[in-house]
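Novice: Before I ask anything, let me first share the structure, which is written out below as structure tokens.
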Amino acid sequence: MKGQIFKIHSDFYYVDTVQGTYECKIREVLKKRKDAIVVGDFVELEQLNENSKQAFVSKVLPRKSFIPRPKVANVNQVIIVCALKEPELDFEQLNRYLSFCEYYNLHPVLCFNKNDLEGEEEIIAKIKKIYEPLNYDIIFTSALEGNGIQDFKALLKDRTTVLCGSSGVGKSSLINAIRPDLNLKTKQVSEKTERGTHTTRHCEIITLENDARIVDTPGFSQLRFDFLMPADVGLLFREIIEIQKQYGACKFSDCIHEHENGCTVQLHPEMMDETRYQSYLQFVKEAKEYKKQVTYSGKKTESKSKFVHNKQITKISSKKRQTSRRKSNQDIDKELNE
1 MKGQIFKIHS DFYYVDTVQG TYECKIREVL KKRKDAIVVG DFVELEQLNE
51 NSKQAFVSKV LPRKSFIPRP KVANVNQVII VCALKEPELD FEQLNRYLSF
101 CEYYNLHPVL CFNKNDLEGE EEIIAKIKKI YEPLNYDIIF TSALEGNGIQ
151 DFKALLKDRT TVLCGSSGVG KSSLINAIRP DLNLKTKQVS EKTERGTHTT
201 RHCEIITLEN DARIVDTPGF SQLRFDFLMP ADVGLLFREI IEIQKQYGAC
251 KFSDCIHEHE NGCTVQLHPE MMDETRYQSY LQFVKEAKEY KKQVTYSGKK
301 TESKSKFVHN KQITKISSKK RQTSRRKSNQ DIDKELNE
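Sequential numbering of the sequence shown, starting at 1, is according to my numbering.
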């Protein structure tokens, strides 16, 4: 019997199957897996008995996609929810989510919620100017008044979608708008901090009509680009790829588009919005900081790499970090005592 894990609580895995929902434990052999079993995984079950709704997870099926923070498998779309106001739109955070989607080859949709407040014309015009030329799907919604909810609902059809966005932007409110019976908890943005409070405490897949599944998560924490080579960050920005398609590659293959001679991107600043470029520089800075903490053995390419926009992108593994003297001494002592 096959199914999909839609919730994990303590040591119990709740699996949705054609025969209904099963409360499951995992076989001991699966506890030794290198990769943890996560929400979204498709699994095979061994039922305890014919009349029981309890079972063992005996096998985890291959994943089509995986997001590490929060850990969710087999997602094929990410809807990035931002508030037009309250809290104020953070362009760097938005670009961080978009670059995250580009890295994991996930289809991103930009959803700007709270489209019911006054004085939004200027920010809406800016959003369209920046992101429409990059061919990102954009919708405007109001969970409060119902504006754009049908558009939001249509995006979910036949897909497994994860919602991401800062606290207080209205993710739970949007889900409530299409499934009022769920009555997910929501909280207002604090007037003091101008930030919201996370109301979702765990990952859970919510099944909707039209074979739509939505993953409600507690938030995407610590999204930093401290696992890439600085020269690879540009592959996560569509306009940088487009500039090089139109005007040719930079003079140096490891160009990071800051102040290098022969940089094609620097020669065409009109093709990249300033907020996007500043976000890019911040992500490069994070990659540079991490590069300082690692050493390489043999070739400079890490064995674990992937392709983004048909180009190989190098991921630096934590295994390449320099080993401290204390850790080295501990390892030597361990070997001597064995």
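For each residue, glycine too, the CB sits at the ideal point set by N, CA and C. Values in this document were obtained by computation on a predicted structure and should not be read as measured data.
Are the beta-carbon atoms of L45 and M1 separated by less than 7 Å?
Specialist: Closer than 7 Å, so yes.
Novice: Would you mind working out which of L61, T21, L30, N76 sits nearest S52, comparing C-alpha positions?
Specialist: T21
Novice: Going by the CB atoms, is the gap between L235 and I313 shorter than 7 Å?
Specialist: yes
Novice: When you compare only the Cα positions, how much space is there between G390 and S253?
Specialist: Since the first residue shown for the chain is 1 and the last is 338, residue 390 is missing from the structure and cannot be characterised.
Novice: Would N115 be called buried (16 or more neighbouring beta carbons within 10 Å of its own) or exposed?
Specialist: Per the 10 Å Cβ criterion, buried.
Novice: If we count the other Cβ atoms within 10 Å of its Cβ and call it buried at 16 or more, is G119 buried or exposed?
Specialist: G119 comes out exposed.
Novice: On the DSSP letters alone, give me the boundaries of the beta strand (DSSP E) that R213 sits inside.
Specialist: 213-216
Novice: Kindly indicate which three-state DSSP category S173 falls into: helix, strand or coil?
Specialist: helix
Novice: Contact defined as beta carbons within less than 8 Å: I believe I5 pairs with V15. What is the distance between those atoms, to the nearest angstrom?
Specialist: 5 Å
Novice: Look up N76 in the DSSP assignment and say whether it is helix, strand or coil.
Specialist: Coil at N76, not helix or strand.
Novice: Check whether the Cβ of K114 lies closer than 6 Å to any heavy atom of the ligand FAD, and answer yes or no.
Specialist: Absent from the structure shown: the ligand FAD. Ligands present: none.
Novice: Is it a yes or a no for the stretch 96-106 touching the stretch 66-83, going by three-plus beta-carbon pairs under 8 Å?
Specialist: Result yes; three or more Cβ-Cβ pairs closer than 8 Å.
Novice: Per DSSP, C164 forms a beta bridge with which residues?
Specialist: I80
Novice: Within its chain, find whatever has a CB closer than 7 Å to the CB of V233; leave out the 5 residues flanking it on each side and keep chain order.
Specialist: Once the five neighbours on either side are set aside, the close Cβ partners of V233 are F225, Y280, F283, V284, A287.
Novice: Provide the residue span of the beta strand (DSSP E) that contains F56, from first to last.
Specialist: 54-60
Novice: Taking the alpha carbon of L346 as the reference point, which residue from K32, I206, C263, D35 has its own alpha carbon closest?
Specialist: Lying before the first or after the last residue shown, residue 346 is absent from the chain, which here runs from 1 to 338.
Novice: Hey, V39 and C203: beta-carbon distance below 7 Å or not?
Specialist: yes
Novice: Output the distance between the C-alpha atoms of E194 and I214, rounded to the nearest integer angstrom.
Specialist: For E194, the predicted structure reports a pLDDT of 42, less than 50, and the residue's modelled location is therefore unreliable. A value from the coordinates is still provided. Approximately 27 Å between the Cα atoms of the pair.
Novice: With P218 and P70 assumed to form a contact (beta carbons below 8 Å), what rounded beta-carbon distance in angstroms separates them?
Specialist: 7 Å
Novice: Thinking C-alpha only, which one of Y136, P62, E122 is nearest L94?
Specialist: Y136
Novice: Does DSSP put S142 in a helix, a strand or coil?
Specialist: strand
Novice: Please report the distance separating the alpha-carbon of L110 from that of E50.
Specialist: 46 Å
Novice: Any contact of the stretch 119-133 with the stretch 79-90, i.e. 3+ C-beta pairs under 8 Å?
Specialist: They touch, by the three-pair rule.
Novice: The alpha helix (DSSP H) with F100 in it runs from where to where?
Specialist: That run of the alpha helix (DSSP H) goes 91-103.
Novice: Based on Cα-Cα distance, which residue from M271, I240, G248 lies nearest to I256?
Specialist: Closest option to I256, Cα to Cα, is I240.
Novice: Can you name the start and end residues of the alpha helix (DSSP H) that Y14 belongs to?
Specialist: Not the alpha helix (DSSP H): Y14 falls in the beta strand (DSSP E), residues 12-17.
Novice: If you check the beta carbons only, do Q244 and T264 fall under 7 Å apart?
Specialist: yes
Novice: When the Cα of Y277 is compared with those of R159, H259, L84, which residue comes out closest?
Specialist: H259
Novice: Taking Q19 as the reference, which of I8, K7, A55, F12 has the closest Cα?
Specialist: A55
Novice: Counting C-beta neighbours from all protein chains within 10 Å, is the total for P230 16 or more, i.e. buried, or is it exposed?
Specialist: buried
Novice: What does the alpha-carbon distance come out to for the pair S99 and G165?
Specialist: 14 Å
Novice: Just reading off the beta strand (DSSP E) that L134 is part of, what are its end residues?
Specialist: Careful: L134 lies outside any beta strand (DSSP E) and carries neither H nor E.
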